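Comments concern the structure below.
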Amino acid sequence: SGRLVVDMEQYFDQIREMATGYGVRSVFVAGDDAETVVSTVREIRRLGLKAMVDTEEARTGTDNSAMMLLTHHVNITQYAIDAIFNVEIMTEASLLLCTFGSHFSRLAHEIKLARGGYSAPPVTLDVLWFVNP
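Per my numbering, the sequence shown starts with residue 175, numbered consecutively.
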């Protein structure tokens, strides 16, 4: 059984809608697949928006797992700093377009609410039976 994934065009449709309806100008980009991150950044820039991305983090989960298996070593301090940095970038984006099945997304959502909320409502593209935000 494979992992169910939302089609990227659905993300782009939401970005276009939010840019038009709410004046969204910046979008945080991250993902489990480095190639998808690169193509998403390209599309966001094509739409005239700012893509907020941690290029040092843009690697695949497969890459991370392979590195751990091969070296039995991960710089846990850097790993933690990258995680904190990414949550902070997420809270600064004018649009939180995510899946609330992600702990990072939920944490960024809570921080954004605590800091005064949104100019545009958050958009979750979770599979309906996977999570109920």
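Glycine included, each C-beta is placed from N, C-alpha and C at the ideal position. Being a predicted model, the structure only gives us computed values, none of them experimental.
May I have the straight-line CA-CA distance separating residue i from residue j, to the nearest angstrom?
i	j	result
ARG219	THR194	15 Å
VAL203	THR251	22 Å
LEU281	ARG289	12 Å
PHE259	VAL201	15 Å
GLU209	LEU223	19 Å
SER276	ALA225	20 Å
SER279	LEU299	11 Å
VAL227	GLU217	13 Å
TYR185	ALA254	27 Å
VAL180	THR245	33 Å
Mind checking whether the beta-carbon of residue i lies closer than 7 Å to any heavy atom of the ligand HEM?
i	result
ILE255	The model depicted lacks the ligand HEM and carries no ligand whatsoever.
With DSSP as the reference, please indicate the residues paired to residue i in a beta bridge.
i	result
LYS286	According to DSSP, LYS286 bridges with nothing at all.
MET182	Answer by DSSP bridge pairing: none, since MET182 is not bridged.
PHE202	MET226
Going by beta carbon distance, what residues of the same chain come within less than 6 Å of residue i, once the five residues before and after it are set aside?
i	result
MET192	VAL198, LEU269, ALA294
GLU183	none
ALA188	Note on identity: in this sequence residue 188 is Gln, with Ala being the wrong assignment. Contacts found: LEU271, VAL297.
Taking one C-beta from the segment 252 to 272 and one from the segment 284 to 291 each time, how about it: are there three or more such pairs within less than 8 Å? Because the criterion of three Cβ pairs below 8 Å is met, the segment 252 to 272 and the segment 284 to 291 touch.
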